[in-house]
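K.L.:
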Amino acid sequence: MSALLHAERSSKYVKRTKQGTTRSSADHVISHPDDVEPFIARASIVLPTGEVLLLDKANKNLKLLDSKFQVVAVMKFSTYPFDICASNNRKNEYYVTEPEEQSIHRIGAGQGRLALYKTKRLYEDCRGITCWKSGVAVTVMREGFIGTLGLLDYDCKIKKKMWETDTDMGLFRAPWYLESIRGGTQLVVSDQGKNSVFGIECKTLAVLFVFNHPNLVGPRTLAVDVNDNIYVIGSSETCHNVIKITPDGQLKGVLLTRKDKLNYPAALSYGAKNNCLVLQKDREKPNISVYYL
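Position one of the sequence shown corresponds to residue 1 (the UniProt record's numbering), numbered consecutively onward.
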């Protein structure tokens, strides 16, 4: 499905941090003829080809962008999609959560095309999603307010319920997004209710670390680079940052802040092909920005 997209060029600059530099590229305005509201990103993922998948909360759809950030395909949902991850055992396949439908969708994406393969209803409010070593992991809001984790197989059948373990008692408040590191043996979970990032061992569901920092308030989407470094967005009234954390849960640097015109940033993802971060840096502007590391 073809679409129109306009690109605005921002001035290139280098921002120096304690740990290195980030170089800004263009800001790309995202639009589509069928959109009824300005684009608002919920989550994103960079494909190996350089294409980008964006979940648009405002228009309840999934947008596929080519390597030039032009919208080339759109998939509509009945309610807003929440998170997306790549399958680690099926090439060119991805999982999308739709909380209000209590569903996970398995889709195909790439080379300018989107296809819905299968929808699995879990009867749980699934939000964040990632692949772990033996399947899919999701954050779950049970009874509307109790945040927890579920580990599933690749067909989205629940294998482990963290809410049935002693570890889970009061651990989370509002765990929304997650990623996996160390070959899928460990999960990294952002909890905006506790302003924390948790490291969880998949086999035992043991807590490996809890990261807190004054520069991380309202943690949202996470991204992981090829060395398992963790990037996380802080998005709240007092925090508009992207920070970098080691795989062991130690602060490595504050990469982007309000000074970089971040305003409730969202939809952070990492692109291995170009060693870059992709995000919507300002929720008031329907743009996607790229920062090279």
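Even glycine gets a Cβ: it sits at the ideal position worked out from N, Cα and C.
The model shown is predicted, which means the values in this text are computed figures rather than measured ones.
What does the Cβ neighbour count give for residue 215, buried or exposed, with the cut at 16 atoms within 10 Å?
P.N.:
exposed
K.L.:
Quick one: what's got a C-beta closer than 7 Å to residue 276's C-beta in the same chain, skipping five residues either side?
P.N.:
290, 291, 292, 293
K.L.:
Give me the DSSP bridge partner(s) of residue 270.
P.N.:
277
K.L.:
Taking the Cβ atom as the reference point for each residue, do residue 74 and residue 65 lie within a distance shorter than 8 Å?
P.N.:
no
K.L.:
For residue 127, name the three-state secondary structure that DSSP assigns.
P.N.:
strand
K.L.:
Starting from residue 191, trace the beta strand (DSSP E) in both directions and tell me its first and last residue.
P.N.:
186–191
K.L.:
Mind checking residue 78: buried by the 16 CB within 10 Å criterion, or exposed?
P.N.:
With fewer than 16 Cβ atoms within 10 Å of its Cβ, residue 78 is classed as exposed.
K.L.:
How long is the line joining the alpha carbons of residue 67 and residue 165, rounded to whole angstroms?
P.N.:
44 Å
K.L.:
At the level of alpha carbons, what is the spacing between residue 203 and residue 185?
P.N.:
Roughly 7 Å between the two C-alpha positions.
K.L.:
Roughly how far, in whole angstroms, is the beta-carbon of residue 238 from the beta-carbon of residue 268, given that I think they are within contact range, below 8 Å?
P.N.:
Taking a contact as a CB-CB distance under 8 Å, the pair residue 238 and residue 268 does not count as one, their CB atoms being some 19 Å apart.
K.L.:
Pull up the distance between the alpha-carbon of residue 273 and that of residue 63, whole angstroms please.
P.N.:
20 Å
K.L.:
Go to residue 175, then tell me how far its beta strand (DSSP E) extends in each direction, as first and last residue.
P.N.:
175–181
K.L.:
Is residue 117 buried or exposed, if buried means 16 or more other CB atoms sit within 10 Å of its CB?
P.N.:
exposed
K.L.:
Grouping DSSP H, G and I as helix and E and B as strand, with all else coil, what is residue 219?
P.N.:
Correct three-state label for residue 219: strand.
K.L.:
From 284, 112, 98, pick the residue whose C-alpha is nearest to that of residue 122; which is it?
P.N.:
Considering only 284, 112, 98, the residue with the shortest C-alpha distance to residue 122 is 98.
K.L.:
In this structure, how does DSSP classify residue 201 when only helix, strand and coil are distinguished?
P.N.:
strand
K.L.:
Would residue 174 and residue 191 qualify as a contact pair, given that the criterion is a beta-carbon distance under 8 Å?
P.N.:
Yes, the Cβ-Cβ distance between residue 174 and residue 191 is below 8 Å.
K.L.:
Would you report the Cα separation of residue 109 and residue 92, rounded to the nearest angstrom?
P.N.:
The alpha-carbon atoms of residue 109 and residue 92 are separated by roughly 6 Å.
K.L.:
Give the secondary structure of residue 66 by DSSP, where H, G and I count as helix, E and B as strand, and everything else as coil.
P.N.:
coil
K.L.:
Taking C-alpha atoms, which residue in 245, 120, 163 lies nearest to residue 147?
P.N.:
163
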